[in-house]
Amino acid sequence: MSIPALPLPVAPAMPLLGFGTWQIRGDAAYRAVRHALDAGYRHIDTATMYGNEAEVGRALADSGVSRDEVFVTTKLPPERAGKERATLDASLRGLGVDAVDLWLIHWPPSRGRAVKVWEQFIALRDAGLARNIGVSNFGLDEIDDLTKATGETPAVNQIRFGPTLWDAGLVEGHRARGVVVEGYSPFKTTNLRDAALTRIAEAHDVDAARVVLRWHVQHEIVVIPKSKTAARITTNYDISGFELTAQEMAAIDALGRR
1046 MSIPALPLPV APAMPLLGFG TWQIRGDAAY RAVRHALDAG YRHIDTATMY
1096 GNEAEVGRAL ADSGVSRDEV FVTTKLPPER AGKERATLDA SLRGLGVDAV
1146 DLWLIHWPPS RGRAVKVWEQ FIALRDAGLA RNIGVSNFGL DEIDDLTKAT
1196 GETPAVNQIR FGPTLWDAGL VEGHRARGVV VEGYSPFKTT NLRDAALTRI
1246 AEAHDVDAAR VVLRWHVQHE IVVIPKSKTA ARITTNYDIS GFELTAQEMA
1296 AIDALGRR
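With the first letter of the sequence shown counted as 1, position 59 gets the number 1104 in my numbering; the numbers rise by one all the way through.
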């Protein structure tokens, strides 16, 4: 099964469907990531604050999947501002990799420190420890501040996203700046029992969750569902066998205007 991917400034491309690991720790994290990789996911999202980088790394190593085939993201918590190199070094050790494919500032640091953190991100990217760098939970104005100060625009902004948060202007604002939109918590922001979603799901003989994931992918918005349940992990990956029509996409977009 092939999941489309978006190009970033530095290869590899970023698969539009990934596996999120927030709130999954210990052996549960190891088992979930192993199952995700077995199911076909080639994009794994973690963060320093998740406390599971070592388990993610062990799952990667034990999976038998080549490192070059898996897009790996981690994130720096803002309270680690000023300790960027030490934090990234610890992430790389835990993950068992020489470089991450994407390193994000998890959310804006306080007291105007974002630019200094971003300068360190650029330096560590240039040192080869992160192939691409970006941000999470930033507004467009905050992204513009980074660009204005350094001449470097984040490759990605990972934000809370789903059909009820659809905002065409926000998405276009990112694209005009060359920033990939990545959505987290796609199901927490969505009523999966909504009549529009269930009607579309029935038409394609799938569940509403897969309709939501397919909607992201067709909008070229990266999405990272997470689950501890093996069956759900597998099902969430199974979105290539159907395509939403323009009318169905518009109906789902309309959930953002309710």
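Glycine included, each C-beta is placed from N, C-alpha and C at the ideal position. A quick note: this is a predicted structure, and the numbers were derived from the prediction, not measured.
Per DSSP, cross-strand counterpart(s) of residue i
i, result
"D1090", "G1065 and T1118"
"V1145", "A1175"
"Q1203", "S1181 and E1227"
"V1268", "L1062 and G1228"
"I1150", "L1121 and V1180"
For residue i, the three-state DSSP class (helix, strand or coil)
i, result
"E1288", "coil"
"R1156", "coil"
"S1181", "strand"
"N1097", "coil"
"I1048", "coil"
"W1211", "coil"
"D1298", "helix"
"K1273", "coil"
"D1186", "helix"
"N1281", "helix"
"R1222", "coil"
"L1053", "coil"
"V1216", "helix"
"S1111", "coil"
Contact set for residue i: own chain, Cβ-Cβ below 7 angstroms, skip 5 residues either direction
i, result
"I1294", "At residue 1294 the sequence reads Met, which differs from the Ile that was named. Answer for M1294: W1260 and Q1263, listed in chain order."
"R1087", "P1060, E1114, V1115 and F1116"
"P1122", "T1093, M1094 and H1151"
"K1273", "I1069, A1073 and A1077"
Contacting residues, own chain, Cβ-Cβ under 6 angstroms from residue i (five flanking each side not counted)
i, result
"I1245", "V1256 and E1293"
"D1252", "A1246"
"F1166", "I1178"
"I1269", "G1063, G1065, D1090 and Y1229"
"E1100", "A1074 and Y1075"
Residue range of the unbroken alpha helix (DSSP H) whose run includes residue i
i, result
"I1245", "A1240 to H1249"
"T1132", "E1129 to L1140"
"W1260", "A1253 to Q1263"
"G1071", "G1071 to A1084"
CB contact check: residue i to chain B, cutoff 9 angstroms
i, result
"P1057", "As a matter of chain content, chain B is missing from the structure shown, which is built from one protein chain."
Is the number of C-beta pairs between the stretch 1068 to 1082 and the stretch 1162 to 1175 that are closer than 8 angstroms three or more? no
Validate contact between the stretch 1195 to 1207 and the stretch 1227 to 1238 using beta carbons, cut 8 angstroms, 3 pairs: yes
Say whether the stretch 1213 to 1220 touches the stretch 1268 to 1280, bearing in mind that this needs 3 or more beta-carbon pairs closer than 8 angstroms, one atom from each stretch. no
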